[in-house]
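One structure below.
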Amino acid sequence: MSETQTLNPESGQGDRIELESAVVRFAGDSGDGIQLTGGQFTVASALAGNDLTTFPDFPAEIRAPVGTTYGVSAFQINFGGRRINTSGDAADCLVAFNPAALKTNIDKVNRGGLVIVDSGNFGPRDLKKAGYEVNPLEDGSLEGWNVVPIDISRLTLEAVADSGLGKVDALRCKNFWALGLIYWVFGRDRAPTAEWIEQKFGRKDAAIAKANVDALNAGHAFGETMELLQDFHGYRVPKAELPPGLYRTITGGDGFALGLAAAAQLTETEVVFASYPITPASPILHHLVKLTAYGVTTHQAEDEIAAACVAIGASYGGAIGVTSSSGPGIALKGEAIGLAVAAELPLVIINTQRAGPSTGLPTKTEQSDLYQALYGRNGDTPLVVLAPNSPADCFTMAIEATRIATKYMVPVMVLSDGYIANASEPWLIPDVDSLPRIPVTFRQDPEGYLPFKRDPDTLARDWAKPGTPGLAHRVGGIERDSETGDISYDPANHQRMTDFRHAKVAGVARDIPPQTVDQGKERGRLAVVGWGSTYGPIKRAVTNLRAEGLDVSHIHLRHIWPLPENLGALLDGFDQVLVPEMNTGQLLTLLRATYAKPYEGLSKVTGQPFKIAEIEAAVRSRLEG
Amino acid sequence: MSETQTLNPESGQGDRIELESAVVRFAGDSGDGIQLTGGQFTVASALAGNDLTTFPDFPAEIRAPVGTTYGVSAFQINFGGRRINTSGDAADCLVAFNPAALKTNIDKVNRGGLVIVDSGNFGPRDLKKAGYEVNPLEDGSLEGWNVVPIDISRLTLEAVADSGLGKVDALRCKNFWALGLIYWVFGRDRAPTAEWIEQKFGRKDAAIAKANVDALNAGHAFGETMELLQDFHGYRVPKAELPPGLYRTITGGDGFALGLAAAAQLTETEVVFASYPITPASPILHHLVKLTAYGVTTHQAEDEIAAACVAIGASYGGAIGVTSSSGPGIALKGEAIGLAVAAELPLVIINTQRAGPSTGLPTKTEQSDLYQALYGRNGDTPLVVLAPNSPADCFTMAIEATRIATKYMVPVMVLSDGYIANASEPWLIPDVDSLPRIPVTFRQDPEGYLPFKRDPDTLARDWAKPGTPGLAHRVGGIERDSETGDISYDPANHQRMTDFRHAKVAGVARDIPPQTVDQGKERGRLAVVGWGSTYGPIKRAVTNLRAEGLDVSHIHLRHIWPLPENLGALLDGFDQVLVPEMNTGQLLTLLRATYAKPYEGLSKVTGQPFKIAEIEAAVRSRLEG
Amino acid sequence: MNAPTTPAKLTPKDFATDQEVRWCPGCGDYAILKSVQKVLADLKADKDKTVFVSGIGCSSRFPYYMDTYGFHTIHGRAPAVATGVKMANPELDVWIVTGDGDGLSIGGNHLLHIIRRNVDTQILLFNNEIYGLTKGQASPTSAIGTRSSSTPEGSVDAPLDPIKVAMGAGARFVARTADKWIKEMPDVLKAAREHRGCAFVEILQNCIVYNDAVFGEFTGKEAVPGTYIHVEHGKPLLFGGGRNEPPVKGIRVKPGTFKLEVVTLGENGISEADVLVHDKTDPVLAGLLAAMTGPDFPVAFGVLYEDAAPVHDDSVASHKADARKKTPDVSINALLKRGRTWMVEGPGA
Amino acid sequence: MNAPTTPAKLTPKDFATDQEVRWCPGCGDYAILKSVQKVLADLKADKDKTVFVSGIGCSSRFPYYMDTYGFHTIHGRAPAVATGVKMANPELDVWIVTGDGDGLSIGGNHLLHIIRRNVDTQILLFNNEIYGLTKGQASPTSAIGTRSSSTPEGSVDAPLDPIKVAMGAGARFVARTADKWIKEMPDVLKAAREHRGCAFVEILQNCIVYNDAVFGEFTGKEAVPGTYIHVEHGKPLLFGGGRNEPPVKGIRVKPGTFKLEVVTLGENGISEADVLVHDKTDPVLAGLLAAMTGPDFPVAFGVLYEDAAPVHDDSVASHKADARKKTPDVSINALLKRGRTWMVEGPGA
Ligand SMILES: Cc1ncc(C[n+]2csc(CCOP(=O)(O)OP(=O)(O)O)c2C)c(N)n1
Ligand SMILES: Cc1ncc(C[n+]2csc(CCOP(=O)(O)OP(=O)(O)O)c2C)c(N)n1
Ligand code: SF4
Ligand code: SF4
Ligand SMILES: [Mg+2]
Ligand SMILES: [Mg+2]
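Chains as they are written, first to last, in the numbering used here: chain A, 726 to 1350; chain B, 726 to 1350; chain C, 16 to 364; chain D, 16 to 364.
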């Protein structure tokens, strides 16, 4: 059983077929409004009570020529009447607006899946641009799928004929025509989308708004009146059981941005966010520039080094310095992060990882910067590493990072990735007022102030803001006396400070929740240990395997360094430990080094997330082999 | 038994006391010519047939005010009739030219050691500048040592009275007076030093030359005629048994510079060395700027990133690109090193490590950049890591790094440190003509050229120099097709290339010598596993402990990544494995992660090398406890 | 030998690779690519001796489309990599392609220093006043008020003027052209290639997606007469007539100041003789010309400044030659034995 | 309250820390330290509101000796750290101390950008034309031919002119002084502090150990008359008389050019009236003055250029104020609910 379930349209009996969950994929030219269409379908599914996860699949090129394979933009949604953990291994239903979209996406559709194609776009030039020599709709190459060619272009033109729009504008409505059809397939309510269209276009151009609504309705009517497949009356995906409350969708970029704004409020301290644009990290900046009113000042620096240094300067100045980038940019920040470790200043560093090495595959996801997070600096330079496991968790982890950074006066690296950054999921909006405050105190008392004297509990030094009377002091990157902070070349002092830095970070382990088992027993034959964005596929795979009766548990780390205090003992309870990662085994290195146990890795480095089936197979081979 | 042996002057019987080895330390103001004095004593000891190791102890300040403690410059030499591995845990004999030198160095002298002090410099102002409230020569605080106060200043002035020099210049001769006295103490020949003085000053100023020689002779005569201590007739340190041949002294900086020049000759390929000044790495640059004629072009770049990029550009252009720095500078190069890994170009990176984190203690030694070497980049970015274990080994490792980099088209990181950089040892000059050539072939044949096609054996791609007809091609940091090198977003290709990069570096293990045991048995109770500059103290400690009958072996890694293929099995032969490092346990992490065995670390992070006694104690506590 | 020694006539296509060009349709980069290919063809350049080095950005994809040697490096570092290429092989003709973000934001330091060292390369800075590849953030050359994904309310920081920066670093060749000056661009590029030393060329380039038409008024066929001037060494600074029309305006020094002013020919007795003659060796004039912007002044195109100076390649070469001259024996064995050495005799001795 | 609100008279000592100053005896840094301490005392600066931020180098040890807030950061990055400090608290008076290596080699890019953004700070660039702390390698300002540990045969690359670089980045305040101008330096520093925006001050500083006396001829008590000029806004550019002597020479524009020339008063009928009056708002004049070097010209000291422009601190502040104005409810709960939301009813509903 996989996260998604292959459709079997033939089984219909006049009624809608009930599906536990379904994966729909829209694909077309960047100009076809694919992301917008997907977004509307997402809202409709959410309103219909489904749980869901969505993932946009942008072209690597900014704007490729129309009709080319590398210009195809796609959007995938997995929605269901049960908890949804991934955007789906493969689609049950594809809408392809042109040959290029069909070509690049057909392999992502389950055999037997429904493939709706705008046959109006399959002329010789369109086929040639996509690199087809023969029309795939005619050569039998699509036999394994339930292909439904519809001349959506023509039908759209007909539907909006009396709108007064020119042909080009009229054709722009075809995504809504297709959306209407898909709404029929899944029995969705059109009203909210129609409303949205009114709001978006209505003010500027009532004709365009009306045409789009007409197209939406026409597509829907087409579904109702025409038989797409023999005896096919559409699907029904029941409501999921979700905790009640107010929901919105959230991406990883949103999560961090909103989480930092919340952190500014919870700490009652201004956040200074400094970064340099880079894929796939930039959405955090793009969101935060709109949140100035909430106590977050943003700064687009001249480069990543400057961004880190601006954040460090801001922390020195009494704000919460945050910097964000992706792998290559984080590499550049290494020296500056060392300064923050040495000066013992709070600093939050967000790395939205992408496929490396070097420029790598900027738009593809990977988890290969864990080494860099743990070890990517000169000297013995420990810091705290956290990893959210979903878009919504970015909100939580932004706050957690701020809490640890300010409480321990230490840099905290948060590892997200391209998948988390762009994926979107429904989010039960939390009540920020009910979250625990994060008390941040600035030293005020000049009496007995020693810049590097420590709180005996946290080992944090005091945070003394410039401008505070009587606390003038100097800090720097040269080794500091363990109390006065003056430059010290004393060997014993260097050992003491090294030990302090180490113990301070290690001590954070006492201040984080003990590691729990996400699913399965606390002891057993095999534990799958994951971190970050592999949460979804591991969770679903373990659910499936446990349903089959296999003795497997899922442990997911969100605090990577220090590791939770109980982790070693927990892992000792399993005969085998399997660590799936989208890298060549980086968490594996950490765990083996820490516990000196021969845990095994499962590595995938393709720029693509794990499939549920891949995890299942790996576990099975170990438990059944 | 330690590397050095405490003197017992009382045991003299009119004859010189024979010592297996001795440690002498000179200390004074930077302006007192301490390093020069030490250098002369080194040559004299070498000519006397001793093995030796020396270490200069410069002040952190460029030129501090005269008489201050932080302006003290020192020089230590350990020499003997047996193999000498370190510059000595502590001195047997100290020459202190002023109170500040006494104050900062007395703790580095063995109890009972001989302390010669220029009492002519112990006036109230001198004492005050050094922070003494009472004259230590008079308050009994030096009771544990054999202190011999001599008014060297006055005696020097007397000795050179007829030189015609003014008082200031005359006083400048006092280091030679003291050297003469020490020559008497250890029975050294004055002639070569006198000759050297003639050569150095003779041409410019015969009077100065004569005065210095007179001072040298006067100091010596003083030793012969005056009794320094009761019944003390000086020491005799016998000749060491050294392999015959022509010798010179060599520091780590010299080793790298000469090794790179040799590599240029052995590969018949030009070396382009690009770096940015930084302590303690700069001596390599300072030496190489004088070796232009030998096929090494140097470039002082605007920063470390540029230095790495110039080296990468040079490698792309068909030269051997080399870059060098210390920890903070290497941190800055991380992104660029990733480009070299991705573009698969040869690159040699030399890191002369210093104490971190951040600016740390620039003049102090540490081994804390191993993590950074192994893991300090974004992405899965494997490269080769080597570590010379002595100044002379830098010569060998520069050549080895070049061999691997050019054969495998891969960056090689070489980890030296502040101790190796500045320590000096006698070096049996090798015959470079008899060293194996390093064949470097540039692709010439356009037929079938594919930029990323690999040699099936080494997995290296061809090196194609711009300017070669018919080979025009493009490389870059975006993931490349595994044959054509064109940009490829194909998931399977990314996995393949990731695997290639990994396998290529792993394959180097087949091309390096199997790990040997430096000393002791191949199986046993405890193996001490070291790397880099801890070689000396570990070697001496293990020698001493083995002489005591303890079952301990010494294994020293020079190839750190990939690890020698037989290492795991070798370590399995020992009940315990102890890994001493001047960091918080970085090689330990690598070994534990690789072999999943609970090896133990011994950490020292003071900016100072291990003492022999510290290693001995750690081993003893494990074998005797 | 009878083999022909001059290559057959080359065409721009000879410099094109088989890679599909993947800029957005309508991007100004296409025209620049064509122009560079044309110039190399016209000059019968040896493609095996030509190297394009770039950083990261839309513009920096350039090398993939040139059938020469090429290195698409990392963001901002192309000048340093190019310096290394030249040090390994000074005979190569090295072109650096960079963007306003690549060259003036993250790469500003390397730009300063390659210019200071006067490494014999051509730098083509594609200035579209925006970050194209990362989807449209403000760049250090974005005009104040530019609305972008990182400055939704309009950018507030003053932009850098690329030519002013280059001159500040001591550039000895600076020129400006634009994607839309299809006819004029090749001559500027040729002049850059002919210049020994580091030739800095700012190319105004339209990013149709994120910053469309910011140069529209004063570049190309549709440019408004009077908004631009093409300068030429030794020729009077005349402009304003529109395409193929005689100029109607000129530029002269505002008497008694260090400022320029625009004069109208025929007004107040002004004739061509009153107009300043362009002297490309005058750095002050170059600075003033580079700084001209509308609406009061035309934007200047062409070679604004050129004056020879010692070239890095030559100083490296002569340093090598001197060293060799001073070191008759370059064997490593001799080197190792230099300085203080001593013999240890074998046990038999 | 009766407590005094104006602080008692401050002395330079009030700004000195208990740390032993560890520059080499005779280093020019001592005089600069004294001068800065004096200026802060004279201006009754609030030391709790004053921050010194530096990079790495001998010069960058400066903060340890100032009893104010201080941050000794990493090599070349002080401008970026200082920008962060100002963003956290714009009320602080932030001074940046950097060297010719720190500021113009590794830190060149940050220097460009803090100047471009016009962050309200004072930048003191100690130019000794050498790397002091790392024991004497050539720096990007070393004169051609400088023999150093990295250039034993003399450096070959053309040096950068710090002021030219700053002006190239669009600086709105540039000044030059020297360690040996003990009497004149305080006024320059005061002017820099008074300037709203980024004030760039080049301070020629003697490194007695590695580059002694390179400025000896034209700085301080022993300077040769005629080799230097102290400029003042609105005053004629006169010089050459030596200490306490009336000037004998002047500077004027070489007629018909963009060049300056030196004239001798009383010769060929030249009088003070023929001499150019310093206008600190003229960037071209500032550039020409900054570029003057011996033997033909005197070296210029003083405030060469100053002209107000929008300040980064203000644009950040007004951006914040605007945002608050547009967002009446700044509760996060309201923010989270913005946009599309939907209710999921509980099982009981
Ligand atoms: C170290 C690093 N930082 C950031 C990026 C992301 N990045 C790629 S191109 C670019 C800017 C591109 O702007 P520009 O140089 O103006 O080129 P254009 O795309 O406009 O031609 C950025 C920020 C990167 N690839 N590497
Ligand atoms: C990243 C890094 N690179 C290199 C160094 C070594 N370093 C310290 S100071 C310095 C240059 C100092 O020159 P300058 O800025 O002119 O200051 P000065 O000592 O002359 O005052 C260098 C190269 C360093 N500390 N950090
Ligand atoms: S984003 Fe702009 S600069 Fe980049 S290819 Fe598209 S049009 Fe050209
Ligand atoms: S090395 Fe030079 S700059 Fe540094 S403290 Fe000494 S004299 Fe001053
Ligand atoms: Mg751009
Ligand atoms: Mg300097």
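Note that beta-carbon positions come from the ideal geometry of N, C-alpha and C, so glycine has one too. In this text, all values refer to a predicted model and were calculated from it rather than measured experimentally.
Take B/SER1159 as the anchor and find which of B/LEU1303, B/LEU777 and B/ALA987 has the nearest alpha-carbon. B/ALA987
Can you look up B/THR811 in the DSSP assignment and give me helix, strand or coil? coil
Under 8 Å (Cβ pairs) to chain D, residues found in the region 297-330 of chain C: The region 297-330 of chain C vs chain D, Cβ under 8 Å: ASP297, VAL299, LEU300, GLY302, LEU303, ALA324, PRO325, HIS327 and SER330.
Give a yes or no on whether 9 Å exceeds the smallest Cβ distance from C/GLY123 to chain A. yes
By how many angstroms is the C-alpha of A/GLN760 removed from the C-alpha of A/THR729? Because A/THR729 sits at a pLDDT of 34, beneath the cut-off of 50, its placement in the model cannot be relied upon, and the following sentence gives the value as read from the coordinates. Approximately 21 Å, taken between the alpha carbons.
Should A/VAL1047 be labelled buried (16 or more other beta-carbon atoms within 10 Å of its own) or exposed? buried
Could you confirm whether any beta carbon from chain C is found closer than 9 Å to the beta carbon of A/LYS1015? It does; some Cβ of chain C falls within 9 Å.
Measuring straight from C-alpha to C-alpha, what distance separates B/LYS1336 and A/ASN1103? 24 Å
Run through chain D and tell me which residues come within less than 7 Å of A/ASP914, C-beta to C-beta. Neighbours of A/ASP914 on chain D: none; closest Cβ ~12 Å, over 7 Å.
Going by beta-carbon coordinates alone, are C/ARG355 and B/THR974 separated by less than 9 Å? yes
B/LEU703 and B/GLN990 look like a contact to me (Cβ under 8 Å); what is the Cβ gap, rounded to whole Å? Lying outside 726 to 1350, the shown extent of chain B, residue 703 of chain B is not represented and no answer is given.
Buried or exposed (CB count within 10 angstroms, at least 16 for buried), C/GLY114: Burial call: buried.
When Cβ atoms are compared, which residues of the region 1000-1012 of chain A fall closer than 8 Å to chain C? TYR1001, PRO1002, ILE1003, THR1004, SER1007, LEU1010 and HIS1011
Sorry if obvious, but does the Cβ on B/PRO784 come closer than 8 Å to a heavy atom of ligand 2? no
Where B/ASN1308 meets chain A, residues with beta-carbon distance less than 7 Å: ASP1105
For A/GLU1306, is the classification buried or exposed, using 16 other Cβ atoms within 10 angstroms of its Cβ as the cut-off for buried? buried
Chain C beta carbons: is any one of them nearer than 9 Å to that of B/SER1040? yes
Just to confirm my understanding: we take A/ALA769, look at its own chain, exclude 5 residues before and 5 after, and list those with CB closer than 7 Å. What are they? TYR908, ARG913, ASP914, PRO917 and THR918
First and last residue of the beta strand (DSSP E) that includes A/CYS1119? Careful: A/CYS1119 lies outside any beta strand (DSSP E), inside the alpha helix (DSSP H) at 1116-1133.
Taking a cut of 8 Å between CB atoms, which residues from the region 161-177 of chain D lie near chain C? GLU168, VAL171, ASP172, ALA173, PRO174, LEU175 and ASP176
Could you tell me whether any non-hydrogen atom of ligand 1 is closer than 8 Å to the CB of C/LEU148? yes
Touching or not, the region 996-1007 of chain A and the region 802-818 of chain A, by the rule of three or more beta carbon pairs under 8 Å? no
Taking C-beta pairs closer than 8 Å, name the residues in chain A that B/TYR1133 reaches, listed in chain order. Going along chain A, no residue has its Cβ under 8 Å from B/TYR1133, so there is no contact; the nearest lies around 16 Å.
Going straight from the alpha carbon of C/PRO365 to that of A/GLN1092, what length do you get? With chain C covering 16 to 364 only, the question about residue 365 of chain C has no answer from this structure.
Within chain B, the residues that C/ALA97 reaches when beta carbons sit closer than 8 Å: GLY1038
To test your reading of the DSSP string, which unbroken alpha helix (DSSP H) runs of 4 or more residues are found completely within the region 97-178 of chain C? 123-132
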